[in-house]
Amino acid sequence: MNMILTLIIFIPILGALLGSLVRASIPLLRLLAIVTSLFVLGLSWILAWYFDPHAGMQFVHIAPWIQNYGITYYVGVDALSLVLLLMITLIMPLLYLYMWREKRHGYWYNMMALQTGVLGAVLSLDLILFYLFWETMLLPVFIMIGRYGNTDNQYNAMRIVVMTIFGSMAMLFSMLYMGYLFFQSHGFWSFSYNDIASLSLDPRTSIVVAAGFLLAFAIKIPLPLFHTWMAPAYGSSPTPAVVILSSIMAKLGIYGIWRFGFGLFESTLEYYVTPLIVFALIGVIFYAIHAIMEPNLRRMFAYSSGSHLSLILLGLMLENVYTWNGSLYLVATHALASAGILIMIGMIYRRVRSITIDDLGGIAQVAPRFAFFFSFFALSIAGLPGTGGFVAELLIIIGAFKYSMIVGVFAALTMIAAITFVFWMLQRTLFGAPSTVTAGFQDLGRIDLLILTPLALLLLLTGLAPSLFTQLFEPALLEMLQAIGRYR
Amino acid sequence: MPEYYLALAALLFCIGLVGAVSRRNLFVIYMSIELMLNAINLMLATFARAQNDHGGTVMALLLIAVIASEAAVFLSMIITLFRTNRTIDADFFTNLSQEQNP
Amino acid sequence: MNQTLLLLIVILPFASAAIMGMAYLFTSLRDERIYSFIGIATPVAVTLFSLILGVQMLSNDTTFVIHSTLFEWLHIGEFQIAFSLMADRLSAVMISFVSLIGTLIHIYASGYMRDDIGYGKFFAYFNFFLGAMLLLVLAQNPIIMFIGWELVGLASYLLIGFYHQESGNITAANKAFIVNRIGDFGFVIGLALLFLAIGDKGFGFDAIRAHISLVDPGLLAPIGILLFVGAMGKSAQIPLYVWLPDAMAGPTPVSALIHAATMVTAGVYMVARFDFLYELIPSVGLFIATIGIASALFAAIIACMQSDIKKILAYSTMSQLGYMFVAVGLGAYSAGIFHVFTHAFFKALLFMGAGAVIIALHHEQDIFKMGGLKTRLPLIFATMLVATLAISGIPPFAGFFSKDAILVHAFAGGHIYIWAIGVLTAFLTAYYMFRLFLIVFITPAKTAHRTTEVGMSMKWPLAVLATGSALTGFLGANEAYGGSNLFGTFIHLGDRVHHVDHSTEYLLGGLSVAVALAGMMLAYLRFGKGASEPKADTPWRALAINKFYIDEIYNALVVVPLRYLSILFDRFDTLFVDGTINLMLLGYRGAADAFGTLQNGKVRYYALYILIGISLLSLAMLRMTRSPL
Amino acid sequence: MIEQGIFWILTLFLVGGSLGMITSRHSVFASANFMLAMIALSGIFALLNQSFLFLAQILVAVGAVITLALLVIVSVNIHQRYTPDEPNMRRWLAGVSLLVLPFFVLLINTAGKMPISFKDVPAEFGTVRGVGATLFSDWVLPFELVSILLLVAMLAAIIISRRGGDHDA
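Protein chains in written order, with the working numbering: chain A, 7 to 494; chain B, -17 to 84; chain C, 139 to 767; chain D, 33 to 201.
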């Protein structure tokens, strides 16, 4: 049973290796990708079935790796990573389905490698291992954007990589320094999460070290002022990469702050709480307004996802039971919604070779099913009740009022923030008379429906019966909050 | 007295250095390098004399052999370069440069 | 049994909406009979169920409440929200008339929408709306209520934008949703504050009622106002009313059901639902009443100058909603709900009559292009007359009793100004309604036009509603008029009671009837013989015709700045943030170029660099060996 | 005293020859100057009682290497038009000399501080017999290695000069 996480992490890349060894043809590669991802999905559901929300870190697997420096292969799952794990494993098969007709081999290999990267980053509990996976997931994205993207793709690929690596370098230095401090106080090296967490740093060092971590995560999320890689990267990535960027990798930034920020520096973090809250509040509004006039659909949803991630970060930083649950719930539901909408934007691009809003219009008339799903996902991004986003936003708003009146009012602005651009976008994309571009717009096919239906149903379910999902992580989050003295 | 010999060796070495760096004629560069090696030889001989130890002498001898092999290789390279490019200008050969690489 | 019924009332419409929606989207099934069967059977069933519940309410005492919990919706810390429904007398009344009028409008729509390409979609949306509205009404706690609250907003968005090929319709739909959402922004804040104050004791309406005294009195007023902000959006009160006139872009049955009879009254219902809260903060109540009466007057003034039949009715709706808020603001909750109840009948009737006229005239909406339809559409003429009399407050039609109850209450409560404006508005109401009625039906037409026959399915709902508009008033007639206020007694809300003797009541009633008659007279004098479109010849008139330029002001104050801000942010990104990064990049690139030219491929230059290194090192070593000396 | 006198004279030739070598524009003049310096250097070796080294220097450096160089110069027929004209030669020489100066001073400084002096040496010192004894007792392995080096260098010289011929073909 303790091998299950290792299997989950490495099966995708093993699939890719197998494919490259036998020089797989595209149908075989497709089969490999889908089968491995479905297998991983099944494993993660088994995991969720046996998961005990009250038990903290579970399914732990430790193996020595680089013994001289105490670097271990250390993986485990708790409520926090479980949510991300389930989300990733659900989205990946759908992306492979989306790539059904993809003819370029590298595309498939990169996606499989990417899956291992993100899964590893979510599950690893050794700092160095985490760093390794953290960079591993960047590389395929770089290749995907640089090789298979469009419009300035190489420049934008370079930009995302340089900016994120700049952050992760800071994080690596912090990690190494903490390992060194551990060595100084204990006489042996260790980078495992528990050991480092037990380290008591003096406040000054801790502030600096925490800054390294926060910089990496702030760029990944991205917070305003660290964000200029985001829209260009979204704009020129191929759809699968952009889904991963928005639904998974950005969430890993949040996850990082949650796991490492609160796990390693919970007392130091209070120096950063106020600035981060301010940043997050600015982000919620700034990105939403930014999205209004954005002419490119994908870039628009880049800003939209920036706005939501800022909200998630806000919830995280407010440190109470409502916001934490709301944030984690929003991580999952926004991932589903934004995966849905970005996949559909990809479908638009496939059909009419343009995702400029001015070119579109009138899709609802020629493709009603498409319009239905598209507006469903767009509305769930806007946090309509009946979808999970509403529940999460409600929780965050309540928690924000618990924190302070002003923060609460700003957090509540998120109710308005998203709709300002979503509805105008829908108007210009779906409604009106069909343009010359969209006149022959094909409605959703069978595979398209197969991709979108699970996402839509799940979003609906998260909105209608949230307790079904929250019970997975609510107790664990309560315990975490109790541990840092923020509850009861 | 030995410091004079050493100073002389130093002077020779520096002259060789100046020649090797500032000249463009491949022959002169070659000879400057020879000069520098010979300066080392002189130093070795001086130390051997001062310490009354044949080790230095032997090393100098071996160095002479090295000088000879260096001369063989260098000169054959000059021949080749001259044959292919019709010049013995050191500045002509710029394949290391970033711009001119094909 | 009751619980199952309660659940079915909410679930059935959603289920049928889902079935019809799926059938419309994913199959080629386009048979109108199937859709209209499902679409009508559902509200009929719901009406039956709610009547069963209502009858049980009648036979039990006032505390009889039916609860039904589906599952635990959310449980986070103290935030425990069950997905549960609750029917008490207030909600029983609401669901009864919502479903009854819903049924009638469904039947009407089955005729109105005939041969429309989106027939199935329309009924799916309609049922969806019905389900959302019933969920709103039956919710056991404010959170579930808010879900219904937002879903009716969504349904309204979908239905306003029903003809989505017209970009203008979508603009109207967007406006409706966004303005509603702005109201909901306040509503959510109110809910959050309320929850944080007493939510740990449970957050059902009964739990809140039980613990409301624990809330810090200083916090109650903001909560009350914020909740009312939500109502402002939903019920189209100043300043969030702008969406309602534009919402008339939807098909007429939509306007009748959503934007006249049911959805817009949700705000009134919500305030009545929170009667225990507003009882504690009379000052906020007065604020609500002020907003209400201001909206009533404002809308009535605009309505006097409009020429689109549906827009006039929309402004009249806003005006009547204003009366309702006066009632609930001043503590006359049952009077307010009674007006909701009677208004639903006559306003639905007015809209459906207008719709029938529009259909008969081939989608002509400008009243000044109509005229003399009395003889050609006799049934519609008759029913519209009933409705017009009802809304103008002529006894014995329903509107008189409900409106009079509100005005008497305001007068008796000592709010003379509100009462006076209310009477003035009543005058204007009678004026603009008769203006509409006269121009459409009596005044001879300037241009002759063909009319088509209106189908049966559109006619007999009109008749039913006309009966309702004529008679329902007696349900709420109080002792002075020979009744015993059956409605108010049944609904049993925490009204503030002011005793008024019968003579005063007759006086006030007589006054409002007189005023209404005066309005009618004026309308007859001005439009009885011939009518022409109002001209913006004086500044005041121009102001009223252009709806006081409120849309333009909002546009200039909110929409345009937001767009410019968006562009500004983009500039900020490219100039400042990217600029900083690019500056760094430029530095790097310059350095790289500089070092690149050093790398010229000539060996002796490389040797020179080494030599420079050696030289510097030597200098350093010389310094080091000398420094001790 | 005579020794010192000879030393200075040889130094004069040695330094003069070296300077002449690096400053002369024509390859043949340069190698002539260099030959002069090498001969002077072998004289210096003789002054140091290194008779074997003296012989070896004369034979190898002067006899073999320089002759080889001259042979090459003549054989590739370096005409004035093939040699670089080096317009900035003097400037380069001056500048580089300036750069080398600190290094030179450092070396002189170090040389001056060396705690060594010349004592009388046994008659064996530096003779072929004495050096040979050391060479074949303590230094056999390096000696053999150097012979391999020479072999490799020879092969390299042959291969390089042969390959160059068909380079541009």
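Positions of the beta carbon are idealized from the N, C-alpha and C atoms, including for glycine.
Does the beta-carbon of residue i have 16 or more other beta-carbons within 10 angstroms, so that it is buried, or is it exposed?
i: Ile554 of chain C; result: exposed
i: Pro238 of chain A; result: buried
i: Lys226 of chain A; result: buried
i: Phe136 of chain D; result: buried
i: Phe266 of chain C; result: buried
i: Leu365 of chain C; result: buried
i: Gly509 of chain C; result: buried
i: Ile178 of chain C; result: buried
i: Trp678 of chain C; result: exposed
i: Ala185 of chain D; result: buried
i: Arg68 of chain B; result: exposed
i: Tyr379 of chain C; result: buried
i: Thr393 of chain A; result: buried
i: Pro154 of chain D; result: exposed
i: Asp454 of chain A; result: buried
i: Val696 of chain C; result: exposed
For residue i, which of helix, strand or coil comes out of DSSP?
i: Leu144 of chain C; result: helix
i: Ala674 of chain C; result: coil
i: Ala583 of chain C; result: coil
i: Pro99 of chain A; result: helix
i: Met571 of chain C; result: helix
i: Pro599 of chain C; result: helix
i: His199 of chain D; result: Per-residue confidence for His199 of chain D stands at a pLDDT of 47, beneath the threshold of 50, marking its modelled position as unreliable; the derived number appears in the next sentence. Looking at His199 of chain D - three-state DSSP - the assignment turns out to be coil, as it is neither helix nor strand.
i: Leu749 of chain C; result: helix
i: His60 of chain A; result: coil
i: Tyr(-14) of chain B; result: helix
i: Trp287 of chain C; result: helix
i: Glu300 of chain A; result: coil
i: Ser273 of chain A; result: coil
Are the Cβ atoms of residue i and residue j separated by less than 8 Å?
i: Pro151 of chain C; j: Leu276 of chain C; result: no
i: Val167 of chain A; j: Val337 of chain A; result: no
i: Ser237 of chain C; j: Met401 of chain C; result: no
i: Ala256 of chain A; j: Ser313 of chain A; result: no
i: Gly321 of chain C; j: Met283 of chain C; result: no
i: Ile419 of chain C; j: Phe463 of chain C; result: no
i: Pro(-16) of chain B; j: Ala54 of chain B; result: no
i: Tyr335 of chain A; j: Ser316 of chain A; result: no
Are the segment 484 to 493 of chain A and the segment 313 to 326 of chain A in contact at 8 Å, needing three or more beta carbon pairs?
Contact holds: three or more Cβ-Cβ distances are below 8 Å.
Taking one C-beta from the segment 451 to 471 of chain C and one from the segment 497 to 504 of chain C each time, how about it: are there three or more such pairs within less than 8 Å?
Remark: fewer than three beta-carbon pairs, one from each stretch, lie closer than 8 Å, so the segment 451 to 471 of chain C and the segment 497 to 504 of chain C are not flagged as touching.
If contact is defined by three or more beta carbon pairs under 8 Å, each pair taking one atom from either stretch, is the segment 26 to 43 of chain A in contact with the segment 86 to 100 of chain A?
Taking 8 Å as the limit for Cβ pairs, the verdict is that the segment 26 to 43 of chain A does touch the segment 86 to 100 of chain A.
Sequence ranges, alpha helix (DSSP H) only - wholly within the segment 489 to 566 of chain C, length at least 4
Counting whole runs of 4 or more residues, the segment 489 to 566 of chain C contains the alpha helix (DSSP H) stretches 516 to 530, 536 to 550.
The segment 154 to 169 of chain A / the segment 229 to 238 of chain A touching (three or more Cβ pairs under 8 Å)
Verdict: yes, contact present.
Continuous beta strand (DSSP E) assignments of at least 3 residues falling wholly in the segment 238 to 269 of chain C:
Counting only runs of 3 or more, we get nothing.
For the pair the segment 414 to 427 of chain A and the segment 383 to 391 of chain A, tell me if three or more CB-CB distances fall below 8 Å.
Result yes; three or more Cβ-Cβ pairs closer than 8 Å.
Stretch-stretch touch, CB-based, cutoff 8 Å, three pairs: the segment 275 to 283 of chain A with the segment 336 to 353 of chain A:
The answer is no - the segment 336 to 353 of chain A does not touch the segment 275 to 283 of chain A, with fewer than three Cβ pairs under 8 Å.
Of all the alpha helix (DSSP H) runs that stay within the bounds of the segment 289 to 366 of chain C, which reach a length of 4 or more residues?
If only uninterrupted alpha helix (DSSP H) runs of at least 4 residues are considered, those enclosed by the segment 289 to 366 of chain C are 305 to 336, 343 to 349.
Pairs of beta-carbons, one from the segment 367 to 374 of chain A and one from the segment 296 to 312 of chain C, closer than 8 Å: are there three or more?
In the pairwise beta carbon analysis, the segment 367 to 374 of chain A is classified as touching the segment 296 to 312 of chain C: at least three pairs are separated by under 8 Å.
Looking at C-beta atoms only, is the number of pairs between the segment 156 to 172 of chain C and the segment 253 to 267 of chain C that lie closer than 8 Å three or more?
Judged by Cβ distances under 8 Å, the segment 156 to 172 of chain C makes contact with the segment 253 to 267 of chain C, as three or more pairs qualify.
Would you say the segment 608 to 625 of chain C touches the segment 559 to 577 of chain C, given that touching needs at least three Cβ pairs under 8 Å?
No, they do not touch.
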